[in-house]
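Please read the structure below before turning to the comments.
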Amino acid sequence: MEETMIQTDKLSALGIMASSFAHEVNNPLATINVYAEDLIDRIQAGDEDLDEEEMEHYLRKIKENTERCKKITDNLLNFSRKNDWTEDHIRVREIIESSLSLVEHQLKKQRIQLELRVADELPMVSGDGLKLMQVIVNLINNAVDAMETEGSLVVSASANDGGQVSIKVTDSGHGIPADAMDKLFDPFFTTKPIGKGTGLGLSVCYGIIQQFGGTISIDSKPEEETTVEIQLPAERSVYAWRGVENSAGETGQS
Ligand code: ADP
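In terms of the working numbering, the sequence shown opens at residue 202 and continues consecutively.
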């Protein structure tokens, strides 16, 4: 009985996903169609005003919208690739450092101050290390998008009394309006301009953290700051290396 209910839940979730997906992909596809048709018509009509610059404009629009479709399908694939999961013993510090190295360039470009606070002793966690990295990069990218330039980003990790490892990403960005808070994990909810956001980032993160058996929550002071916290079950009595408390991107380790 319970099994059937879970199955029904999954099917209705799939139905919602499928219709949102169709809606999201249909818009850029319709735009591609309009640009391609218009271009073909003008070529066939021998339109002499159609110069290279204008053709490039058409092709750029087609490319932008194709990229948008690709972003949406890539993100969606992450939902369906749930079986593609490796079970690693994860050193959280390593995963955070690898994630930061992927966004380092963007942080420098936007002159964002980074503070890294990783506790001396952290238990290991079990799960897919690359997927955890994907989550952290996603959260940092959202933080960076919210800050534009010269903000501050704090990434921290500590063990809590409840036997969990807590990872927090705090930014001094524009915060989140109260009326958006309960929509953040909905697939396709985005406040970013077209071509920039797909609204799938946080829902993908949510799915991954669930697979870890953990939780993800968001706290925000509008116009001031946002903190996203992930809590992951720790592997009992397995401690990663003893790290050194560090800051500003230094990755001390002893
Ligand atoms: P996307 O980044 O493609 O918009 P997400 O699911 O990752 O999709 O995020 C959904 C929305 O949540 C964002 O459009 C933004 O409005 C809000 N959001 C997420 N993280 C932050 C943050 N750190 N600061 C402010 N707003 C955020």
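Quick reminder that beta carbons are idealized off the backbone N, C-alpha and C, glycines included.
Rounding to the nearest angstrom, what Cα-Cα distance links residue i and residue j in this structure?
{"i": "residue 319", "j": "residue 362", "result": "16 Å"}
{"i": "residue 313", "j": "residue 421", "result": "19 Å"}
{"i": "residue 342", "j": "residue 248", "result": "44 Å"}
{"i": "residue 246", "j": "residue 329", "result": "56 Å"}
{"i": "residue 300", "j": "residue 385", "result": "22 Å"}
{"i": "residue 365", "j": "residue 432", "result": "6 Å"}
{"i": "residue 373", "j": "residue 309", "result": "16 Å"}
{"i": "residue 404", "j": "residue 250", "result": "46 Å"}
{"i": "residue 451", "j": "residue 379", "result": "Confidence at residue 451 is low in this model, with a pLDDT of 36, below 50, so its placement is unreliable and the value that follows should be read with caution. Cα to Cα, residue 451 sits roughly 35 Å from residue 379."}
{"i": "residue 419", "j": "residue 231", "result": "35 Å"}
{"i": "residue 291", "j": "residue 331", "result": "10 Å"}
{"i": "residue 406", "j": "residue 381", "result": "17 Å"}
Give the secondary structure of residue i by DSSP, where H, G and I count as helix, E and B as strand, and everything else as coil.
{"i": "residue 302", "result": "helix"}
{"i": "residue 295", "result": "helix"}
{"i": "residue 230", "result": "helix"}
{"i": "residue 238", "result": "helix"}
{"i": "residue 287", "result": "coil"}
{"i": "residue 518", "result": "Shown here, the chain extends from 202 to 455; a query on residue 518 therefore has no answer."}
{"i": "residue 225", "result": "helix"}
Which residues mark the beginning and the end of the alpha helix (DSSP H) in which residue i is found?
{"i": "residue 347", "result": "330-348"}
Our contact map puts residue i next to residue j with C-beta atoms below 8 Å; I'd like the distance itself, whole angstroms only.
{"i": "residue 377", "j": "residue 423", "result": "6 Å"}
{"i": "residue 229", "j": "residue 261", "result": "About 13 Å separates the two Cβ atoms, so there is no contact after all."}
{"i": "residue 297", "j": "residue 358", "result": "6 Å"}
{"i": "residue 293", "j": "residue 326", "result": "6 Å"}
{"i": "residue 263", "j": "residue 226", "result": "At roughly 15 Å, the Cβ-Cβ gap does not stay under 8 Å, so residue 263 and residue 226 are not in contact."}
{"i": "residue 345", "j": "residue 311", "result": "6 Å"}
{"i": "residue 360", "j": "residue 435", "result": "6 Å"}
Looking at the secondary structure, which residues open and close the beta strand (DSSP E) in which residue i lies?
{"i": "residue 419", "result": "416-422"}
{"i": "residue 318", "result": "314-319"}
Is residue i near the ligand PLP, with its Cβ less than 7 Å from a heavy atom?
{"i": "residue 274", "result": "Summarising the ligand content, the structure contains the ligand ADP and does not contain the ligand PLP."}
Q. Which ranges would you report for the alpha helix (DSSP H) in the segment 246-270 if only whole runs of at least 4 residues count?
A. none
**Q.** Runs of alpha helix (DSSP H) wholly within the segment 347-421 (minimum 4 residues, chain order)
**A.** As far as the segment 347-421 is concerned, its whole alpha helix (DSSP H) runs of at least 4 residues are 402-412.
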